[in-house]
Each structure stands twice: as C-alpha cells, then as structure tokens.
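Peer 1: Sequential numbering from 3 applies to the sequence shown in our numbering. Note that beta-carbon positions come from the ideal geometry of N, C-alpha and C, so glycine has one too. Being a predicted model, the structure only gives us computed values, none of them experimental.
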Amino acid sequence: MTAESIHLGRKNDPSQPWLRTAEHADQEQVRTWRNIHARSFFHQSPITSTGQQQWFEEYRNRSDDFLFMVMAADQSIGCIGIRFRSDAWDLYNIIRGVHSSCSTGFMATGLAMLIAFAKDIRPGAVRADVIAGNPAINWYLRNGFAIVTEDECSHQLLFRDFSAPQSKTIP
Ligand SMILES: CC(C)(COP(=O)(O)OP(=O)(O)OC[C@H]1O[C@@H](n2cnc3c(N)ncnc32)[C@H](O)[C@@H]1OP(=O)(O)O)[C@@H](O)C(=O)NCCC(=O)NCCS
C-alpha cells in the first residue's frame, strides 16, 4: 500500500488530533522541524531542500511507508512516520513542531493512531531506534514501548501495549 491521501481520526473534534498523509507542500515544514531537532536523530547533517524533495519523490513510490502530519484542527503541529522494514514496522521522523496548550498529548494520541493504522495494514512488531541521550526515550516508555537492547549509542525499543503501566524512567 502506498501513501495516497489518507486521513485518520476526526477533523472536527478539536479535543483530539487527526492525521493526514504528508504532501509535497508539507516538505519544507517537515525539513525545518527535522533540522531544528537534528541532534535528536542519528542522521544529524542539515537536510537541504533538494534532499528533502528527492526523499519525498522516492517515498511516494515506496509501499508500506507513511509520513503523516499531526493536525490540531487546521494546523499541523508535528509529523510522525512509520515504514515496514525487515519484517517490522519502524517509526521515524517523530517531531512536535508547534507547542500549544490545546494540543497537549496530541503526539502520543497520534502515535497510537499511527500504530493502530499500521497494524491494520499488516501485523508485525513496531520498533523505534532512539539515539542515546535523547529525552524522547521517556516519552516512548510512557507510551507503551519497552527497551529491548541498548548500547552507548542507541536504545532499541519495541511497542508492547498502550494500556501497560508506566515503565522505568531514565534520568
Ligand atoms: C518526542 C516528542 C514528539 C514528544 O512530543 P510531546 O509534545 O512531548 O508529546 P505529547 O503531545 O504526547 O505530549 C506529552 C505531554 O503531554 C502530557 N499529556 C499526554 N497526554 C495528555 C492528555 N491526554 N491530557 C493532558 N496532558 C497529556 C504528558 O504528560 C506530557 O507531558 P510531560 O512531557 O510534561 O510529561 C517531542 O519531544 C519531540 O518532538 N522531540 C524532538 C524530536 C525527537 O526526539 N523525536 C523522537 C526521535 S526518536
């Protein structure tokens, strides 16, 4: 399945996020957010406009790869991606770009929506690789992930269950 125009959730409920697949017009926004948060990711070199466009053209032709914009009413507040690689779903480009009190928790809800969507398409484990030192590790642990392996460079996380009690916190 390729990422055509997919909407998840209800657009007219301001208390909840909704997701829409990223379009060509979103790529500068995604690139800006990604470059601002470069140190949160393994690939830390600035992404150029051309590089982002090339990535998007290739992405559009890939199956089982979905980059969604997380929406609060009509505003994009972040992005969230998932792709099927090596027999598992792999999360990528999870970034909050806009902070607003009315969208507190929207990234976590968006993550839950994304995982449900992916598992509906194709069963499989959902994993996230987090660079060592990124405080986002605790966000994953609060949202149903557990650390399966770790070394000095990275943590490999697997999704367990959203209803699971809070996991250990890394200081
Ligand atoms: C990881 C990241 C996307 C999380 O974004 P976020 O805005 O913290 O996530 P949420 O929208 O889920 O909000 C979480 C906060 O809202 C609160 N919250 C969650 N659900 C809530 C709800 N239903 N009602 C009220 N508050 C809620 C949580 O307690 C949490 O607050 P806390 O961090 O003070 O504990 C963000 O930190 C980010 O963009 N980091 C930089 C990029 C990055 O590292 N990405 C991951 C790479 S692996």
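Evaluate the contact criterion for the stretch 52–62 versus the stretch 72–80: three or more CB pairs, one atom per stretch, below 8 Å.
Peer 2: No, they do not touch.
Peer 1: Suppose contacts are defined by Cβ-Cβ distances below 8 Å. Is GLY112 in contact with ILE82 by that definition?
Peer 2: Within the sequence shown, numbered from 1, the residue matching residue 112 stands at position 110. Within the sequence shown, numbered from 1, the residue matching residue 82 stands at position 80. Taking 8 Å as the Cβ cut-off, GLY112 and ILE82 qualify as a contacting pair.
Peer 1: List the endpoints of the continuous alpha helix (DSSP H) containing PHE108.
Peer 2: One-based indexing of the sequence shown puts residue 108 at position 106. Its alpha helix (DSSP H) spans residues 108–123.
Peer 1: Let me check understanding here. Comparing Cα to Cα, which of GLN158, ASN37, HIS9, PHE86 lies closest to LEU21?
Peer 2: If you number the sequence shown from 1, residue 21 lands on position 19. Out of GLN158, ASN37, HIS9, PHE86, HIS9 has the C-alpha closest to the C-alpha of LEU21.
Peer 1: Excluding five sequence neighbours on each side, which residues of the same chain lie with their C-beta closer than 6 Å to the C-beta of GLY99?
Peer 2: For this step, residue 99 is matched to residue 97 along the sequence shown. Cβ neighbours of GLY99 beyond the five flanking positions: TRP35, GLY80.
Peer 1: With DSSP as the reference, please indicate the residues paired to TYR94 in a beta bridge.
Peer 2: Here residue 94 is taken as the residue at index 92 of the sequence shown, counted from 1. GLY83, per the DSSP bridge assignment.
Peer 1: Does DSSP put SER88 in a helix, a strand or coil?
Peer 2: For the purposes of this step, residue 88 is taken as the residue at position 86 of the sequence shown. Three-state DSSP puts SER88 in coil, outside helix and strand.
Peer 1: Which residue from LEU159, ARG124, CYS155 puts its Cα closest to that of TRP141?
Peer 2: Position 139 of the sequence shown holds residue 141. Nearest of LEU159, ARG124, CYS155 to TRP141, Cα basis: LEU159.
Peer 1: Mind checking PRO167: buried by the 16 CB within 10 Å criterion, or exposed?
Peer 2: Position 165 of the sequence shown, counted from the start, is the residue given in the question as residue 167. Interpretation of PRO167 is limited by its pLDDT of 47, a score under 50 that renders its predicted location unreliable; no figure is taken from the coordinates.
Peer 1: I need the DSSP call for ASP66, collapsed to helix, strand or coil.
Peer 2: Looking up residue 66 in the sequence shown gives position 64. Of the three classes helix, strand and coil, the one that applies to ASP66 here is coil, per DSSP.
Peer 1: Once DSSP output is grouped into helix, strand and coil, what is the label at ASP131?
Peer 2: Position 129 of the sequence shown, counting from 1, holds the residue named residue 131. Three-state result, ASP131: strand.
Peer 1: Please list the terminal residues of the continuous alpha helix (DSSP H) segment that includes THR34.
Peer 2: As a first step, residue 34 is located in the sequence shown; it is residue number 32 there, counting from the start. Where THR34 is concerned, the enclosing alpha helix (DSSP H) stretches over 29–38.
Peer 1: With GLN29 and PHE58 assumed to form a contact (beta carbons below 8 Å), what rounded beta-carbon distance in angstroms separates them?
Peer 2: If you number the sequence shown from 1, residue 29 lands on position 27. If you number the sequence shown from 1, residue 58 lands on position 56. With 8 Å as the limit, GLN29 and PHE58 qualify as a contact, their Cβ atoms being about 5 Å apart.
Peer 1: Alpha carbon to alpha carbon, how far is ILE139 from VAL132?
Peer 2: Here residue 139 corresponds to residue number 137 of the sequence shown, with the count starting at 1. Here residue 132 corresponds to residue number 130 of the sequence shown, with the count starting at 1. Cα to Cα, the separation comes out at about 7 Å.
Peer 1: Classify HIS45 as helix, strand or coil using the three-state DSSP reduction.
Peer 2: Locating residue 45 in the sequence shown gives position 43, where the first residue counts as 1. Reduced to three states, the DSSP call for HIS45 is coil.
Peer 1: Should ASN14 be labelled buried (16 or more other beta-carbon atoms within 10 Å of its own) or exposed?
Peer 2: Residue 14 sits at position 12 when you count from the first residue of the sequence shown. The residue in question, ASN14, is exposed, as its Cβ has fewer than 16 Cβ neighbours within 10 Å.
Peer 1: Should VAL32 be labelled buried (16 or more other beta-carbon atoms within 10 Å of its own) or exposed?
Peer 2: As a first step, residue 32 is located in the sequence shown; it is residue number 30 there, counting from the start. Buried, because 16 or more other Cβ atoms sit within 10 Å of the Cβ of VAL32.
Peer 1: Assuming ALA134 and CYS155 form a contact by the criterion Cβ under 8 Å, report the distance between their Cβ atoms to the nearest whole angstrom.
Peer 2: As a first step, residue 134 is located in the sequence shown; it is residue number 132 there, counting from the start. As a first step, residue 155 is located in the sequence shown; it is residue number 153 there, counting from the start. The pair is a contact, with the Cβ atoms about 5 Å apart (cut-off 8 Å).
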